[in-house]
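Enquirer: Have a look at this one before I ask anything.
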Amino acid sequence: MLSKSVVRTCLGCVRGVSSSSFRLNSPESSVSASLTHTEGIKRRELEKNEMRPLYMDFQATTPMDPRVLDAMLPYQVNYYGNPHSRTHAYGWESESAVERARKQVADLIGADPREIIFTSGATESNNMSIKGVAHFYKAKKKHIITTQTEHKCVLDSCRVLEAEGFKVTYLPVKNNGLIDLQQLEETIRSDTSLVSVMTVNNEIGVKQPIKEIGQICRSKNVFFHTDAAQAIGKIPINVSTLKVDLMSISGHKLYGPKGVGALYVRRRPRVRLEPLQSGGGQERGLRSGTVPTPLAVGLGTACEIAQQEMEYDHARVSMLANQLVQKIMSEIPDVVMNGDPVQRYPGCLNLSFAYVEGESLLMALKDVALSSGSACTSASLEPSYVLRAIGTDEDLAHSSIRFGIGRFTTEEEVDYTAEKCIQHVQRLREMSPLWEMVQEGIDLKSIKWTQH
Numbered sequence: 008m009l010s011k012s013v014v015r016t017c018l019g020c021v022r023g024v025s026s027s028s029f030r031l032n033s034p035e036s037s038v039s040a041s042l043t044h045t046e047g048i049k050r051r052e053l054e055k056n057e058m059r060p061l062y063m064d065f066q067a068t069t070p071m072d073p074r075v076l077d078a079m080l081p082y083q084v085n086y087y088g089n090p091h092s093r094t095h096a097y098g099w100e101s102e103s104a105v106e107r108a109r110k111q112v113a114d115l116i117g118a119d120p121r122e123i124i125f126t127s128g129a130t131e132s133n134n135m136s137i138k139g140v141a142h143f144y145k146a147k148k149k150h151i152i153t154t155q156t157e158h159k160c161v162l163d164s165c166r167v168l169e170a171e172g173f174k175v176t177y178l179p180v181k182n183n184g185l186i187d188l189q190q191l192e193e194t195i196r197s198d199t200s201l202v203s204v205m206t207v208n209n210e211i212g213v214k215q216p217i218k219e220i221g222q223i224c225r226s227k228n229v230f231f232h233t234d235a236a237q238a239i240g241k242i243p244i245n246v247s248t249l250k251v252d253l254m255s256i257s258g259h260k261l262y263g264p265k266g267v268g269a270l271y272v273r274r275r276p277r278v279r280l281e282p283l284q285s286g287g288g289q290e291r292g293l294r295s296g297t298v299p300t301p302l303a304v305g306l307g308t309a310c311e312i313a314q315q316e317m318e319y320d321h322a323r324v325s326m327l328a329n330q331l332v333q334k335i336m337s338e339i340p341d342v343v344m345n346g347d348p349v350q351r352y353p354g355c356l357n358l359s360f361a362y363v364e365g366e367s368l369l370m371a372l373k374d375v376a377l378s379s380g381s382a383c384t385s386a387s388l389e390p391s392y393v394l395r396a397i398g399t400d401e402d403l404a405h406s407s408i409r410f411g412i413g414r415f416t417t418e419e420e421v422d423y424t425a426e427k428c429i430q431h432v433q434r435l436r437e438m439s440p441l442w443e444m445v446q447e448g449i450d451l452k453s454i455k456w457t458q459h
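Using this note's numbering, the final residue of the sequence shown is 459, and nothing's skipped along the way.
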């Protein structure tokens, strides 16, 4: 079992430490650290002695928990055997580690270890689920249902299937970001093979009613897939009680390594998938290719830590999120929280600051690493498709900022972020003629603007 009382400061703490300093003799070795959660990740110096910005973008990625790194290191150096080599001890050692990691992932979500398939991440897991089910059952069922606010990899997978002749229904969401369960039930047809709805939205943090969706799908004999990348390790999930058939997991979204994820595939009732790639038939024939032992160990360790500390982490993240929102909204008027205020994961806050351009605010907040939306689409200057889907007008969508709070965030960082946000929003509004007009009582919607 891993110790809850120790957390190393991470990200830079290993710089300047020789490899001999790490304890590589035993794959069971744990971190010899001495700092607590609340101290967080303090060391932010770059090589040029410049200060790094505070990290408040935990939906884009999470820093690897140093206990995860410690668990991985022996398999990077000493225990390097191919886990699929069955004829010698090197392979047996790695295979044992992979199977232990598989059980750790399964235990976190209440699954059987045989239902866990290791992948390269949630994008691959989503592709495997959607395309795999669609192709396997295409002889009788060629209809898929998803929502307009899914992650890009889900939406693009569905568009690929449309090009192949499948029919896809993109369900709208209500203004709070939640789907209409009655509309979902009415949309399911006799030829519907799969419903795919994400658990927690990566931009606005809304939690969909996964249990109810699972019940509807089970009653209609339709498979249910959920992208749980933003939920696993942060909120309790049990695939049996939720009646989920397929679930995508990402390692780097729960303080594990990048480049690894998992796909839960239910055995009873059995879900059949057509594999995306051909090869040696690893992972029960669903995902050929050598399983990267260090990454699998890292994912398993991250899941074990999450299972032990989820309740503590969730309570602390909720406290910090409330602190951030209350401080900002008490000082700045015309701030809108996007998404349902109750059915949400508290660590993902999407706020719109009226009469302020979001990109300008991001540039002003250079001391804090934030985002205007999904990391996969934040390079685009187009307003978020998720915010458009919940009915946010274009101006307000352009003024949105996503605040990501996580395991290593400190109260001091939250206070600093709020103070800087208040300072720069007030400054940018003072420069805005629109804000001046609003202060004078002019209704901007009543103005007829002319183009030159």
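In this text, a Cβ means the ideal position worked out from N, Cα and C, and glycines have one as well.
Enumerate in chain order the residues of its own chain whose CB-to-CB distance from S132 is below 6 Å, with the five nearest sequence positions on each side excluded.
Expert: For the purposes of this step, residue 132 is taken as residue 125 along the sequence shown, with counting starting at 1. Result list for S132: T126, S255, G268, L270, in chain order.
Enquirer: Residue range of the alpha helix (DSSP H) that T399 falls in?
Expert: As a position in the sequence shown, residue 399 is number 392, starting the count at 1. T399 -> no alpha helix (DSSP H), and no H or E assigned at all.
Enquirer: Take V278 as the anchor and find which of S136, H158, K148, I412 has the nearest alpha-carbon.
Expert: Against the sequence shown, residue 278 aligns to sequence position 271. It is S136 whose Cα lies nearest to the Cα of V278.
Enquirer: Whole angstroms is fine: what's the gap from S295's alpha carbon to E364's?
Expert: Walking along the sequence shown from the start, residue 295 turns up at place 288. Walking along the sequence shown from the start, residue 364 turns up at place 357. If I take the Cα positions, the gap works out to 46 Å.
Enquirer: When the distance is taken between beta carbons, is L115 closer than 8 Å to C310?
Expert: Locating residue 310 in the sequence shown gives position 303, where the first residue counts as 1. Locating residue 115 in the sequence shown gives position 108, where the first residue counts as 1. Closer than 8 Å, so yes.
Enquirer: How would you label I220, buried or exposed, when you count the other beta carbons within 10 angstroms and need 16 or more for buried?
Expert: Taking the first residue of the sequence shown as 1, we reach residue 220 at position 213. Buried: at least 16 other Cβ atoms inside 10 Å.
Enquirer: What does DSSP give as the partner residue(s) for V432 in the beta ladder?
Expert: Residue mapping note: residue 432 aligns to position 425 of the sequence shown, counting from 1. Paired residue(s): none; V432 is not in a bridge.
Enquirer: Secondary structure at V267, three-state DSSP: helix, strand or coil?
Expert: Mapped onto the sequence shown, residue 267 falls at position 260. It is coil, neither helix nor strand.
Enquirer: Within the present structure, is the beta-carbon of K149 separated from the nearest heavy atom of the ligand NAD by less than 7 Å?
Expert: Here there are no bound small molecules, and the ligand NAD is not part of this structure.
Enquirer: In terms of residues, what are the limits of the alpha helix (DSSP H) holding K110?
Expert: As a first step, residue 110 is located in the sequence shown; it is residue number 103 there, counting from the start. From DSSP, the alpha helix (DSSP H) with K110 extends over 96-116.
Enquirer: Could you say which of R436, D119, S325 lies nearest to N245 if we only look at CA atoms?
Expert: By one-based count along the sequence shown, residue 245 stands at place 238. Minimum Cα distance to N245 is reached at D119.
Enquirer: Contact between the stretch 148-168 and the stretch 311-331 is defined here as three or more beta-carbon pairs at a separation below 8 Å; is this criterion met?
Expert: Too few Cβ pairs lie closer than 8 Å, so no.
Enquirer: Which residues bound the beta strand (DSSP E) around S203?
Expert: Taking the first residue of the sequence shown as position 1, residue 203 is located at position 196. Residues 199-203.
Enquirer: Let me know if Q446 comes out buried or exposed under the rule of 16 or more other beta-carbons within 10 Å of its beta-carbon.
Expert: If you number the sequence shown from 1, residue 446 lands on position 439. By the 10 Å Cβ count, Q446 comes out exposed.
Enquirer: For the alpha helix (DSSP H) holding H74, just list the boundary residues, first then last.
Expert: Here residue 74 is taken as the residue at index 67 of the sequence shown, counted from 1. Contrary to the premise, residue 74 reads as Arg rather than His in this sequence. Note, R74: alpha helix (DSSP H), 73-84.
Enquirer: Got a sec? Which residues, its chain only, sit under 8 Å from L53 by beta carbon, not counting five neighbours each side?
Expert: Walking along the sequence shown from the start, residue 53 turns up at place 46. Note that L53 scores 45 on pLDDT, short of 50, meaning its location in the model is unreliable and no value can be drawn from it.
Enquirer: Using three-state DSSP, classify F231 as helix, strand or coil.
Expert: Counting from 1 along the sequence shown, the entry for residue 231 is found at position 224. F231 falls in the strand class under three-state DSSP.
Enquirer: What residue does the beta strand (DSSP E) around L356 start on, and which one ends it?
Expert: As a working mapping, residue 356 is identified with position 349 in the sequence shown. L356 -> beta strand (DSSP E) spans 355-360.
Enquirer: So the alpha helix (DSSP H) G365 belongs to, where does it begin and stop?
Expert: In the sequence shown, residue 365 corresponds to position 358, counting from 1. Per DSSP, G365 belongs to the alpha helix (DSSP H) from 365-371.
Enquirer: My output table needs one value for T206: the three-state DSSP class, helix, strand or coil.
Expert: Here residue 206 refers to the residue found at position 199 of the sequence shown. In this structure, T206 counts as coil in the three-state DSSP scheme.
Enquirer: Nearest-angstrom Cα distance between L80 and D341?
Expert: Working through the sequence shown from its first residue, we reach residue 80 at position 73. Working through the sequence shown from its first residue, we reach residue 341 at position 334. Answer to the nearest angstrom: the Cα atoms are 49 Å apart.
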